[in-house]
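Here it is in structure tokens:
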């Protein structure tokens with residue numbers, strides 16, 4: 035068994051997410067999760083450009099300013115080229131900083147792009163998603179025949 039984008043959409047913190055693009059790519063494998071908070075393309079790719087990674091972001095840099103459309107598009111293109119699993123974009127304090135053109139580019143690339151928000155308007159925390167994804171990854175590692183190291187698997 036491997037953990038996929040579709041599997042991640044089953045965890046409580048992502049179950050109400052809207053899939054904005056890449057819905058046909060739910061089979062993509064997820065092997066890690068990261069939080070994107072860089073403000074330059076180089077810093078973002080250094081921390082988040084890993085294959086099969088689910089990248090969490092609000093497209094709001096660590097300086098608190100929303101990322102401009104041009105940089106968002108460059109980030110999506112670069113992360114797609116790096117073969118990440120997908121991007122989960124979070125609402126922050128009632129705002130979604132994701133630009134329409136960025137969604138269009140993600141659709142062109144068939145990149146899984148999730149919009150993460152709770153039904154009652156509450157912000158979902160990155161830690162909620164990280165915990166859920168890691169639970170799935172650890173379960174897969176410990177309890178399935180696909181475990182990378184048989185010494186870790188629980189029979």
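In my numbering, the protein residues as written are 35 to 189.
The beta carbon of each residue, even a glycine, is placed where N, CA and C say it ideally should be.
Keep in mind it's a predicted model, so treat the numbers as computed, not measured.
Residue 65 is positioned such that its CB atom lies closer than 9 Å to that of residue 87. Counting every other CB atom within 10 Å of its CB across the protein chains shown gives residue 58 a total below 16, marking it as exposed. Counting only runs of 3+ residues, the beta strand (DSSP E) found wholly inside the segment 104–144 occupies 120–124, in chain order.
Residue 64: not part of any beta strand (DSSP E); DSSP gives it neither H nor E. In this structure, 127 is the residue among 169, 127, 147, 133 with its C-alpha nearest to the C-alpha of residue 159. With respect to residue 133, residue 106 sits close: the two C-beta atoms are nearer than 9 Å.
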